[in-house]
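Under full-length UniProt numbering, think of the first position of the sequence shown as 1, with each following residue one higher.
Idealized CB from N, CA, C, for every residue including glycine.
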Amino acid sequence: MGEYDQRYIDIGMKIAFYRKRNGMTQEQLAEKLGISPGYLSQVETPSFVQPVSLKLLFKVADTFSIPPHWLLMDDIVTHSDR
């Protein structure tokens, strides 16, 4: 495993968490983000390490109205945790 692979996996898992929490399918979120559903599936799949750009990270944060750093934290944060 590469130096940052676990971080990419964690980010993907957080994206999946917020997507599901907001009742969205991968297809719906991918369309909002301007990416393919296949790419989003790779990002969200823990067994597949897919680097995430800052641009995508910011788009995800904007879509879910969360601060971008929430996607980088060790724990999953929700608005009720604030």
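- CA-CA distance, residue 14 to residue 38, rounds to 17 Å.
- Rounded to the nearest angstrom, the Cβ distance from residue 61 to residue 51 is 17 Å, too far for a contact under 8 Å.
- Uninterrupted alpha helix (DSSP H) stretches at least 4 residues long and entirely within the UniProt domain "HTH cro/C1-type" (15-71) occur at 26-33, 37-44 and 54-64, given in chain order.
- In the three-state reduction of the DSSP assignment, residue 76 falls in the coil class, being assigned neither a helical nor a strand state.
- When DSSP states are grouped into helix, strand and coil, residue 13 belongs to the helix group.
- Comparing alpha-carbon positions, the option among 64, 5, 6 and 8 lying closest to residue 28 turns out to be 64.
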